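Counting in this note's numbering, the sequence shown runs from 9 upward without gaps. For every residue, glycine included, the Cβ atom is placed at its ideal position computed from N, Cα and C. Bear in mind that the values here come from a model prediction, so they are computed numbers and not experimental data. Report on one structure; see the data block that follows.
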Amino acid sequence: MNLHLRQLKAFLGVAETSNFTRTAQKLHMSQAALSSAIRELENQLDCNLFERTTRHVQLTEAGHQFRQTAMRVVQELELSSMQLKEIHRHRCARLRVGFTPTLASHAFPEMLESFRDAHPHVHIDVMDEAPRRLQELVESGSIDAAFGAFFQKASGIEQLPVSPSTLVLVHAEQDSTIGPSMEWSVLEAHPIIALSDVSPVQQLLQSAVKRHNLKLRRTMTVSHLETAVALAERGIGVTVIPSFATAVCRRYRVNIARLLPPVRFNYCRIVKMGRSPNENLEHFTNLVIDHLRETESPRTAPMPVEDAG
Numbered sequence: 009m010n011l012h013l014r015q016l017k018a019f020l021g022v023a024e025t026s027n028f029t030r031t032a033q034k035l036h037m038s039q040a041a042l043s044s045a046i047r048e049l050e051n052q053l054d055c056n057l058f059e060r061t062t063r064h065v066q067l068t069e070a071g072h073q074f075r076q077t078a079m080r081v082v083q084e085l086e087l088s089s090m091q092l093k094e095i096h097r098h099r100c101a102r103l104r105v106g107f108t109p110t111l112a113s114h115a116f117p118e119m120l121e122s123f124r125d126a127h128p129h130v131h132i133d134v135m136d137e138a139p140r141r142l143q144e145l146v147e148s149g150s151i152d153a154a155f156g157a158f159f160q161k162a163s164g165i166e167q168l169p170v171s172p173s174t175l176v177l178v179h180a181e182q183d184s185t186i187g188p189s190m191e192w193s194v195l196e197a198h199p200i201i202a203l204s205d206v207s208p209v210q211q212l213l214q215s216a217v218k219r220h221n222l223k224l225r226r227t228m229t230v231s232h233l234e235t236a237v238a239l240a241e242r243g244i245g246v247t248v249i250p251s252f253a254t255a256v257c258r259r260y261r262v263n264i265a266r267l268l269p270p271v272r273f274n275y276c277r278i279v280k281m282g283r284s285p286n287e288n289l290e291h292f293t294n295l296v297i298d299h300l301r302e303t304e305s306p307r308t309a310p311m312p313v314e315d316a317g
């Protein structure tokens, strides 16, 4: 048996009006299409639902019995449809995004304020986690999207490049030995405040160091990028950070130097593959793009870049 909602509504319409012409008009169907739907339904049920004469149409005993079932099925389907639409509406009005901690604390508040001004009815939740954890949250559907530098490929994840980025050198303002643009060899002359080896930024730095055959003096290792910048301000050493994160430097007396030849990688948005379109997420993504365009490398000039690999 393969009953259709169209057939059930056609049957209930005729049962209510006792008239094929009026029912066809009410359902915006041709009378032939309505008659065909009723005939298909009767064939599948293997019984007549209506007694038809040239003067009237009325329900048979089987039709009376089936009418209660059909009404219940149609009502439940329509109610379920309304509930699902309401759930979808609430989901569209709630956005769950993830950022790495640095941008979550230094850039997200400003972006959130701008987004709320334009979309006051959309509630945003933010998760501040490391890139690997953010990727797991996207994969599980716990958040709608995450923003960061994601170097590990994962099946079922779509990446959208949001902003090109490079590695830059951060040093204390009073260090006059470092200019606005320096070759990678400058790192050999300064103690390095490194990020942990699990950090994607540190892995990029290690690849660049190996490529240029450098010997570095690591003065200490920290877990958080802002800690490294704060230590650099005190002249304890220099540190290397991604240019998309230079907003953190505004709070410290540090300068930023371009490292030549530059290393290029993308700041990306990741979402779960096959997700439903989300207009609010697209609006927020555009806001992130505009924000990074305005704030990235505020103390350095634009430069040509090469791939990280």
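- Secondary structure of residue 157 (DSSP, three-state): coil.
- Where residue 125 is concerned, the enclosing alpha helix (DSSP H) starts and stops at 116-126.
- Ranked by Cα distance from residue 101, the options 270, 292, 251, 301 are led by 292.
- Apart from the 5 residues on each side of it in sequence, residue 39 sits with its Cβ closer than 8 angstroms to the Cβ of 28, 29, 32 in its chain, given in chain order.
- With fewer than 16 other Cβ atoms from the protein chains shown falling within 10 Å of its own Cβ, residue 221 counts as exposed.
- Per the C-alpha coordinates, the member of 255, 258, 232, 262 positioned closest to residue 246 is 262.
- The beta-bridge partner set that DSSP reports for residue 265 consists of 177.
- In the structure shown, residue 242 adopts coil according to DSSP, grouped into three states.
- Counting C-beta atoms within 10 angstroms of its own C-beta, residue 15 has 16 or more neighbours from the protein chains shown and is therefore classed as buried.
- Residue environment for residue 171: buried (at least 16 other C-beta atoms within 10 angstroms of its C-beta).
- In this chain, residue 106 is not harboured by any alpha helix (DSSP H); it is covered by the beta strand (DSSP E) spanning 102-107.
- Contact between residue 82 and residue 46 does not hold, since their C-beta atoms are separated by about 15 angstroms, which reaches or exceeds 8 angstroms.
- The Cβ atoms of residue 300 and residue 115 sit closer than 9 angstroms to each other.
- Straight-line spacing of the CA atoms in residue 17 and residue 76 works out to 12 angstroms.
- In this structure, the straight-line span from the alpha carbon of residue 41 to that of residue 35 is close to 11 angstroms.
- Distance between residue 154 and residue 277, taken at the CA atoms: about 6 angstroms.
- Secondary structure note for residue 280: it is in no alpha helix (DSSP H), and the uninterrupted beta strand (DSSP E) holding it is 271-280.
- The continuous beta strand (DSSP E) containing residue 202 extends over residues 199-203.
- Boundaries of the alpha helix (DSSP H) around residue 46: 39-53.
- Annotation: the continuous alpha helix (DSSP H) that includes residue 28 extends over 28-34.
- When rounded, the separation of the alpha-carbon atoms in residue 206 and residue 85 is 51 angstroms.
- Out of 113, 296, 37, 188, the CA that lies nearest to the CA of residue 169 is found in 296.
- By the Cβ criterion, the region 121-134 is not in contact with the region 171-183, since fewer than three pairs of Cβ atoms, one from each stretch, lie closer than 8 angstroms.
- Contact between the region 181-194 and the region 129-144 is absent: fewer than 3 CB-CB pairs across the two stretches fall below 8 angstroms.
- In the structure shown, residue 283 adopts coil according to DSSP, grouped into three states.
- Nearest C-alpha to residue 226 among 208, 204, 104, 113: 204.
- For residue 290 and residue 298, the gap between their C-alpha atoms comes out near 12 angstroms.
- Only residues of its own chain outside the window of five on either side were considered, and among them 139, 143, 167, 276, 278 have a CB closer than 7 angstroms to the CB of residue 158, listed in chain order.
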